[in-house]
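Q: In our numbering, the protein residues as written are 143 to 611. Yeah, the Cβ is synthetic: ideal placement off N, Cα and C, and Gly gets one too. This structure is in C-alpha cells; I'll ask about it shortly.
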Ligand SMILES: Nc1ncnc2c1ncn2[C@@H]1O[C@H](COP(=O)(O)OP(=O)(O)OP(=O)(O)O)[C@@H](O)[C@H]1O
Ligand SMILES: [Mg+2]
C-alpha cells in the first residue's frame, strides 16, 4: 500500500485544528496542525505535504501571503482556503493566487471531505499527466534515437529547430529508416506535447472513407452515416497530426489537404459549414515525391506546400558507423525484455552487421537483433551464430543468389556469382582508367594495355559514360 497522503491544517483556532484532524485521520490521512502562519510555513518548508487546509485570517501572516510564498518556492502542494463569513472577496484573491478551492466556515464533515477529495483527485490527475508527458519526452528524447553519424547530427539539429514551431514538416526516407520515430520526436519536443499526437496511415482507407476520416461527416451524408462524426483534423486540434504515406491520398483529397494547410479551413462530408483546425501537420513518405509530381500522381502545389521543411532520413547503409550502436541499443532493450544476459557481439559478428546492406533499414536490424536474442543461449553473439540463424550474408556473398539444392543449381549459382562480381570489378576497372585519363578513351585503353575498340565495346556493354564526379 502507498503511504497515506499528508495534510497540514493551519488555523489559529485550536478547535478547528483538532476537529479537522480527528475527521481526516479517521479517513486515513496523515495530519499535522499549526496554530500560526509562521509555524505553518516552517512545517511546509521542512516537510512535503500533499494538501494544506489554510485559514485565510491568521494573526501573524495572512493566508494570501502564505500562498504567495508557496508559489515563490514553486512548491507542489494543493491548498484549500478556509474563510469566515464576509471574507469571500479574499477567497477570490486566494484562488487567483493558486488556491484550489475554498470552504466557508462553519463547514460540516461532508463538505470538508468532498473538498479534500476533489483537490487530491485533481492533483493526482495533474501528476499523472505530467508523468505521461515525461514518459513521452523520455521515449522520444534524443538519447533514445541513435545517431552519431554526421548526417544524423544534422537531422537532430533540424528537428530541434523546427519542433517548437508550428511549421509543416515532410519526412522522407526508405521504409524502416525512422520516419515515424522522428515524427514522434518532433511532437515530443514541441509545445503541443501535453496532447497526444494523432497518427493516420493514408494507406488504410479507400478514398471516400479517407475523406470522412480526415474531415468528419454529417449524419446522413452517406449510407451508413447514422450520426455526425468528427474527423481527424478536429480531433488533432491543438495537437500534431502525423499523415503517414501521404502519397496515397487521391488527388481530390490532396486538394482539400492543401486548403487546410493554407487556411486551416475544411468542410466535413455532407456539410457546407466551414470548420477550422490548428493541427500541426507532419507528413511522411518513402516515395520520390518529385517524380510523382512529374508523373502527375501528386499535386505540384501540395508538394511545394509540404516541402517547406523537408527532412531526408538517409538509409542505414549510408550511415554504417551507426550500426554497432544501434545493434547494442536493441540488444540491451531485448535483453531487458526477455531477461537474458548477453554481453554483446563478437568483433566478427559486428563486422557482418556493419557490412550488410540492410534494405529494410533500422527496422530490419531491430528485428534481426530480436531474433538473435530469442535464439541465443550463450553470453556472446558470434559470427557463426549469426550465419546459422539469419538470412544475412557478408558482402562477399550476393544476396540475390539463394542457397542451391542440387549440383546444377550450384554451378548456375557459381556462374551468376562470377558474372555479377566480375562485372562490378570490370566496371570499376574501366571507370578508373577513364578517370585517370580525363575521359580520353585512347589514352585509357593504352594505359591498361587494351585495344581502343575493345575498351569502348566494354564501356558500351556496361553502359559507362565518362563523368567527372
Ligand atoms: N535512429 C534510431 N534509433 C533507435 N531506433 C530507431 C532509429 N530509427 C528507427 N528506429 C526504430 O526502427 C523501427 C522502424 O522505424 P519507423 O517505424 O520510425 O520507420 P519508418 O521510416 O516510419 O518506416 P515505414 O516507412 O516502413 O513506415 C522502429 O521500431 C523505430 O523505433
Ligand atoms: Mg512509418
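For residue 448, is the beta carbon positioned less than 7 Å from some heavy atom of ligand 1?
A: It does not: the Cβ of residue 448 is nowhere closer than 7 Å to a heavy atom of ligand 1.
Q: Alpha helix (DSSP H) containing residue 329: first to last residue?
A: 321–330 is the span of the alpha helix (DSSP H), which, as asked, contains residue 329.
Q: Taking residue 376 and residue 344 to be in contact with their CB atoms under 8 Å, please state how far apart those CB atoms are, rounded to whole angstroms.
A: Their Cβ separation, rounded to whole angstroms, is 18 Å, which puts residue 376 and residue 344 out of contact at 8 Å.
Q: According to DSSP, simplified to helix, strand and coil, what is residue 452?
A: Strand, per DSSP.
Q: Which same chain residues end up closer than 6 Å to residue 530 when comparing Cβ atoms and leaving out the 5 residues on each side of it in sequence?
A: So the list is empty, once near-sequence residues are dropped.
Q: Going by alpha carbons, who is nearest to residue 292 out of 484, 461, 606, 575?
A: Cα-wise, what sits closest to residue 292 is 461.
Q: If we ignore side chains and look at the alpha-carbon of each, how far apart do residue 621 and residue 479 end up?
A: Any property of residue 621 remains undetermined from this structure, which presents the chain solely from 143 to 611.
Q: DSSP three-state call for residue 219: helix, strand or coil?
A: Here residue 219 sits in coil by DSSP.
Q: So what does residue 372 bridge to, in DSSP terms?
A: Its beta-bridge partners are 358.
Q: State the Cα-Cα distance for the pair residue 302 and residue 465, rounded to the nearest angstrom.
A: Each residue's Cα considered, the two are about 23 Å apart.
Q: What distance in whole Å lies between the Cβ atoms of residue 507 and residue 634, which are believed to be in contact at a cut-off of 8 Å?
A: Absent from the model: residue 634. The displayed extent of the chain is 143 to 611, so no value can be given.
Q: Going by the C-beta, is residue 426 closer than 7 Å to any heavy atom of ligand 3?
A: Absence of ligand 3 is noted for the structure shown, with ligand 1 and ligand 2 being the only ligands found.
Q: Kindly indicate the opening and closing residues of the alpha helix (DSSP H) around residue 186.
A: Where residue 186 is concerned, the enclosing alpha helix (DSSP H) stretches over 179–188.
Q: Which of the three DSSP states, helix, strand or coil, is assigned to residue 487?
A: Three-state DSSP puts residue 487 in a strand.
Q: What does the Cβ neighbour count give for residue 125, buried or exposed, with the cut at 16 atoms within 10 Å?
A: Residue 125 lies beyond the range of the chain shown here (143 to 611); nothing can be said about it.
Q: Classify residue 408 as helix, strand or coil using the three-state DSSP reduction.
A: Three-state result, residue 408: strand.
Q: Note down the Cα distance separating residue 414 from residue 399, rounded to an integer number of angstroms.
A: Each residue's Cα considered, the two are about 17 Å apart.
Q: Run through DSSP, which three-state label would residue 384 get?
A: In this structure, residue 384 counts as strand in the three-state DSSP scheme.
Q: Would you identify the three-state DSSP class for residue 545, choosing helix, strand or coil?
A: Residue state, collapsed to three classes: coil.
Q: Please go through the same chain and pick out, in chain order, the residues whose beta-carbon is closer than 6 Å to the beta-carbon of residue 517, but skip the five residues on each side of it.
A: If we look at residue 517 and ignore the five residues flanking it on each side, its Cβ neighbours are 531.
Q: Once you ignore the five residues that flank residue 471 on each side, which residues in its own chain have a CB closer than 6 Å to its CB?
A: Cβ within range, chain order: 288.
Q: Are residue 384 and residue 455 touching if we call contact CB-CB under 8 Å?
A: No, the pair does not count as a contact, with Cβ atoms beyond the cut-off.
Q: Restricting to Cα atoms, I'd like to know which of 236, 225, 239, 263 is closest to residue 245.
A: Per the Cα distances, 225.
Q: Who pairs with residue 244 in a beta bridge, going by DSSP?
A: DSSP, once it has assigned bridges, lists 223 as partnering residue 244.
Q: Across which residues does DSSP place residue 614 in a beta bridge pair?
A: Missing from the structure shown is residue 614; the chain here goes from 143 to 611 and no further.
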